[in-house]
Amino acid sequence: MTRVVALTPNPAWDVTYRVDRLLPGESLRVRSVVARAGGKGVNVARVVRALGSASVAVCPLGGPLAGPFADDLDADGQPAAVVPVAGAVRQSVAVVPAEDGGHPTVLNEPGPALDDAEWAALVAACVAQVGTAAAVVATVSGSLPPGTTRERVVGLVGALRAAGARVHVDVSGPGLVWAAEAGADLVKPNRSELVEATGVDDPARAVGELLRRGARAVVVTDGERGLTAYEAGPDGPASPAVVGRARLAAPVAGNPTGAGDAAMAALAVDPDQPWAHRLALAAATSAAAVLQPVAGAVDRADVDRLLTHVVTEPES
């Protein structure tokens, strides 16, 4: 079984407010509140376990919310490696209206910067969790702490690969390019993140740029259009080859906040399977996450049911 070490470099205490409708400038009545440990890597770790694989969440934690954050992971049975830091854990607030298909408005605080010693401790904690397991995927997900440099990202990916892990990265902005330059085994941007990170408007050329810089595979998510996986083509990375596609035959309605994290989890749990299998599981798991009221949760029964409604294209 593949073990997933899920790093959240900039974790958040997730608060979800449900309202009847969202009216800017108005006083709104909140119908329900859910608060829990969050951040994209934490979501990945939780979904990996829901899919039946083992995971550990690695998080830098500090400030008044560090205790509740760690307690929430423990109460959920989620194994975790906590790295104490001076800065306070941020909050992320999602306001989900019943109207408009439940599309959330999300307010993300920036999070604390990490000094050199804290970053080194975080990398060391991740490497320690890779351990001696025969098959490990290390995921790096979400925003990076303010002030994170290229050297830090390249060093993190390099250290994890040197420890024997396959490294999957889902970050935005320059960090995506830096991860590619470090030789990440997989990077997973959505379509807009792909264009933003590379500065290339044409998606195929943008994928080629990430492959040229060193990424071994690129999986692009595009909402209801599903996922597309690319590797370097016969003529090299400048001509990327589509090696698989998957999408749900009909979209599902709900809260899409954690859909990308669920896809990331599914891609990590069985990396030796063919692309058609991995992408189908990712599409179904992503859709199952939309059906849940909070990010970081799926019902395996939903995943299995939705798998029968996934449309795939085989490897080229």
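Under the UniProt record's numbering, think of the first position of the sequence shown as 1, with each following residue one higher.
Ideal Cβ placement from N, Cα and C applies to all residues, glycine included.
- By the neighbour-count definition (other C-beta atoms within 10 Å, threshold 16), Thr-221 is a buried residue.
- Note on geometry: alpha-carbon atoms of Pro-189 and Arg-46 lie some 20 Å from one another.
- Excluding sequence positions up to five before and after Gly-233, its CB lies within less than 8 Å of the CB of Ser-239, Pro-240, Ala-241, all in the same chain and listed in chain order.
- Residue pairing by DSSP puts Asp-170 in a beta bridge opposite Ser-141.
- Residues Arg-90, Pro-146 of the same chain have their beta carbon placed closer than 7 Å to that of Pro-110, with the five preceding and five following residues left out of the count.
- Around the beta carbon of Ala-289, 16 or more other beta carbons lie within 10 angstroms, which makes this residue buried.
- Runs of beta strand (DSSP E) with 3 or more residues, each lying fully within the stretch 179-239, are found at 218-221, 227-233, listed in chain order.
- For Val-243 and Pro-64, the gap between their C-alpha atoms comes out near 46 Å.
- As computed with DSSP, Val-89 is found in no beta bridge at all.
- In the structure shown, Ala-54 adopts extended strand secondary structure according to DSSP, grouped into three states.
- In this structure, the alpha-carbon of Gly-131 lies about 9 Å from that of Gly-164.
- Asn-43 carries a helical assignment under DSSP once its states are collapsed to helix, strand and coil.
- Taking the Cα of Asn-255 as reference, the smallest distance to any Cα among Ala-94, Ala-113, Val-127 is reached at Ala-94.
- Per the DSSP secondary-structure output, Asp-304 pairs with nothing in a beta bridge.
- Rounded to the nearest whole angstrom, the CA to CA distance from Asp-272 to Arg-3 is 13 Å.
- For Glu-109, no pairing in a beta bridge is given by DSSP.
- Cβ contact annotation for Thr-8 (same chain, cutoff 6 Å, sequence separation greater than five): Gly-39, Gly-41, Val-42, Cys-59, Gly-142, in chain order.
- Nearest in C-alpha terms to Asp-116, of all of Val-96, Leu-107, Thr-149, Pro-104, is Thr-149.
- A Cβ-Cβ distance of about 7 Å is found for the pair Leu-248 and Leu-306, placing them in contact under the 8 Å criterion.
- Each residue's CA atom was taken as its position, placing Ala-37 and Trp-13 some 5 Å apart.
- Residue environment analysis places Leu-211 among the buried positions, since at least 16 neighbouring C-beta atoms fall within 10 angstroms of its C-beta.
- Boundaries of the alpha helix (DSSP H) around Thr-285: 275-290.
- By DSSP's assignment, Asp-76 forms no beta bridge with any residue.
- Residue state for Pro-68 is assigned as helix, using DSSP reduced to three classes.
- By the Cβ neighbour-count rule, Val-311 is exposed, with fewer than 16 other Cβ atoms within 10 Å of its own.
- Between Thr-285 and Ala-263, the C-beta spacing is below 9 Å.
- Here the stretch 201-215 does not lie against the stretch 151-160, with fewer than 3 beta-carbon pairs under 8 Å apart.
- Under the DSSP assignment, Glu-313 falls in the beta strand (DSSP E) whose first and last residues are 310-313.
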